Structures are given as structure tokens and as C-alpha cells.
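K.L.:
This is the structure, below, for whatever I ask next.
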Amino acid sequence: CKMDEIMKIAKKHKLFVIEDSAEAIGAEYNKKRTGSFKIGCFSFFPTKNITTGEGGMVTTNDKDLIQKIKTLIGHGIPKMTNQRLKEEKPWYRSATMPGYNFRMSNILATIGVEQMKKINKMNSLRRKNADYLNQKLKNIKQIDLPIELPKAKHIYQMYTIKLKRGNRDAFVKKLKQKGIEASVHFDPPVHLQSYYRQKEKLPITEKISRSIITLPMYPQMTKKELDYIVSVIKELIL
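The sequence shown begins at -14 in the numbering used here and counts up by one.
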């Protein structure tokens, strides 16, 4: 999204910006990585660009925030185990605030660190695959393709198209029958979830949520697989 505009609004009204970067590790806006504007939250769920099975990551350059986050994830205890080992009474723990056990295991963290070394390569492959689909599908008027905003670098954690007309659910079913594991994300949208349901209506959001389709997208996709997706979509639409 247009982070420069968001940051201007935040500065004007003295607002705190938290980036939901769950699906955007490695993405950029104006040559700046997502999660680096103030504080960013990333997800390492299995479907994300890198995964540790579960868990996630918080990024910030605010030292006070870093300390508070470390305290929150460790039962409200400000000193980590490795820090206490250097003290005279390493077993002594003092909780300074309510906290949780949100600590990632060392094994899972190691898996994440090793994948982090490959993130640029994996994202480049995703971009290459997405560019290929964009070129092959761009002339089909019945669908809208993902866009990359000016100054932005998309990393295609998902490749989502929008069906302009026709029955979206039926289209997804036909794709699956052809062996393409298409899916739908964000339907119903957040404001229609039972817990968040409000009186307000967001008609554009609701319209989009009824028309979007997520196609397979991962770094190891072959040209044969991409061509098959293209051929099936053309067969079903044209």
C-alpha cells in the first residue's frame, strides 16, 4: 500500500503505525522493506513465503518496544534465560508485567533463520512465476489480475485474480475438477465475521470478496504447471 501517504497522515494526527506484514516478507515500497516503517508484524504460517510451522516475527528499531515485546512473550519477565545465566542468581526471575508464553522454540527459529537466507531467491522465483501468468492472462477481459503499485515490489505470497462476471464458486469448483488447487481467501471479509460484525456496510469490500480467486503460487512451480493453469482458465472462460 502507499505507505508514504499513510505515514504522513499518522504524523499529522500523531498516530502510531503498525504494519500488518503477515504476507509481505521481502516486499518493498519506495525501496524500503515492509515492516521497517515503525513496527511490523509477520506470520510464519505454513502458507507464507517462509515458515516455521507456526509463529511469527515483530520488527522495529525502537529499543524500548523491543524490550517490552521480549518481556510480553516471556511471561512478563524482562530478562531472557541467556541473560540471567551471567548473573549471581541465574534462577531468580522477576515478572514486571502480565505476560504470555509466546516464545518460539530454538529448533523452529533455526528453520526460520535458514529460510531467511533464501528469501530473496524464493521471492524472485515467485515474481518470475507471477510475471509469466500476468503476460499469459492479461488479454482475458473477464478477469482482473494482481497489480504492482508504482514504487512497490510485490512478492506474491498469493496470486489472486478477480472474476468480473459469472459464478465465482462454480468457477473455483471447475478449476479443482481440473486438478488446479484454487482457493478463496477473505470471504467473508473481516467486518462480516461473527465476532467483528458491525452495522456499517462496506459494499465494495463485499463485492470484491465474492469475486476473488487465489491460484496456486509457489517458487518451485514449473512452466508446464503454469501453462496448464493458463490453458484451463482460457478453456473455462473463453
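Each residue gets a CB set at the ideal place from its N, CA and C atoms; glycine is no exception. Everything numeric in this text was worked out from a predicted model, so none of it was measured.
Using 8 Å for Cβ pairs, my map puts L122 next to V215. What's the rounded Cβ distance?
P.N.:
One-based indexing of the sequence shown puts residue 122 at position 137. One-based indexing of the sequence shown puts residue 215 at position 230. Correct: roughly 6 Å between the Cβ atoms.
K.L.:
Nearest to L50 by alpha carbon, out of N34, A12, R88 and F1?
P.N.:
Looking up residue 50 in the sequence shown gives position 65. It is F1 whose Cα lies nearest to the Cα of L50.
K.L.:
Should S196 be labelled buried (16 or more other beta-carbon atoms within 10 Å of its own) or exposed?
P.N.:
Here residue 196 refers to the residue found at position 211 of the sequence shown. Buried, because 16 or more other Cβ atoms sit within 10 Å of the Cβ of S196.
K.L.:
Throw me the rounded Cβ distance for the I128 and K147 pair, which I believe falls under 8 Å.
P.N.:
Start at 1 with the first residue of the sequence shown, and residue 128 comes out as number 143. Start at 1 with the first residue of the sequence shown, and residue 147 comes out as number 162. About 6 Å separates the two Cβ atoms, so the contact holds.
K.L.:
Going by DSSP, which residues form a beta bridge with R18?
P.N.:
As a first step, residue 18 is located in the sequence shown; it is residue number 33 there, counting from the start. Its beta-bridge partners are E13.
K.L.:
With DSSP collapsed to three states, give me the class of D5.
P.N.:
In the sequence shown, counting from the first residue as 1, residue 5 sits at position 20. Three-state DSSP puts D5 in a strand.
K.L.:
In angstroms with no decimal places, state the Cα-to-Cα distance between E220 and Y144.
P.N.:
Locating residue 220 in the sequence shown gives position 235, where the first residue counts as 1. Locating residue 144 in the sequence shown gives position 159, where the first residue counts as 1. Taking the straight line from one Cα to the other gives about 19 Å.
K.L.:
How long is the line joining the alpha carbons of K113 and F29, rounded to whole angstroms?
P.N.:
Within the sequence shown, the letter at position 128 stands for residue 113. Within the sequence shown, the letter at position 44 stands for residue 29. So the alpha carbons of these two residues sit roughly 22 Å apart.
K.L.:
What residues match up with L200 in a beta bridge as DSSP calls it?
P.N.:
Taking the sequence shown and counting its residues from 1, one reaches residue 200 at position 215. Answer is Y144.
K.L.:
With a Cβ-Cβ cutoff of 8 Å, do A155 and L200 count as a contact?
P.N.:
Within the sequence shown, residue 155 is the residue found at index 170, counting from 1. Within the sequence shown, residue 200 is the residue found at index 215, counting from 1. No, the Cβ-Cβ distance between A155 and L200 is not below 8 Å.
K.L.:
If I follow the unbroken beta strand (DSSP E) through S28, where does it start and stop?
P.N.:
Locating residue 28 in the sequence shown gives position 43, where the first residue counts as 1. Segment I24 to S28, the beta strand (DSSP E) holding S28.
K.L.:
Could you give the distance in angstroms between the alpha-carbon of G61 and the alpha-carbon of A9?
P.N.:
Taking the sequence shown and counting its residues from 1, one reaches residue 61 at position 76. Taking the sequence shown and counting its residues from 1, one reaches residue 9 at position 24. G61 and A9: Cα-Cα distance of roughly 29 Å.
K.L.:
Considering just the uninterrupted stretch of the beta strand (DSSP E) at M42, what are its terminal residues?
P.N.:
Position 57 of the sequence shown, counting from 1, holds the residue named residue 42. Element bounds for M42: G41 to T45.
K.L.:
So if DSSP puts G59 in a beta bridge, which residue, or which two residues, is it bridged to?
P.N.:
Translated into the one-based positions of the sequence shown, residue 59 becomes position 74. Partner(s): N86.
K.L.:
Work out the CA separation of E73 and T32 for me, nearest whole Å.
P.N.:
Here residue 32 is taken as the residue at index 47 of the sequence shown, counted from 1. Here residue 73 is taken as the residue at index 88 of the sequence shown, counted from 1. Using only the alpha carbons, I get a separation of about 44 Å.
K.L.:
Reducing DSSP to helix, strand and coil, say where K138 ends up.
P.N.:
As a first step, residue 138 is located in the sequence shown; it is residue number 153 there, counting from the start. Of the three classes helix, strand and coil, the one that applies to K138 here is strand, per DSSP.
K.L.:
DSSP on S194, reduced to helix/strand/coil?
P.N.:
As a working mapping, residue 194 is identified with position 209 in the sequence shown. Helix at S194.
K.L.:
Quick one: is M101 buried, meaning 16 or more other Cβ sit within 10 Å of its Cβ, or exposed?
P.N.:
Against the sequence shown, residue 101 aligns to sequence position 116. Per the 10 Å Cβ criterion, exposed.
K.L.:
According to DSSP, is D(-11) part of a helix, a strand, or is it coil?
P.N.:
Taking the sequence shown and counting its residues from 1, one reaches residue -11 at position 4. Looking at D(-11) - three-state DSSP - the assignment turns out to be helix.
K.L.:
Name the DSSP bridge partner or partners of S168?
P.N.:
Residue numbering aside, residue 168 sits at position 183 when the sequence shown is read from its first letter. Note: S168 sits in a beta bridge opposite T199.
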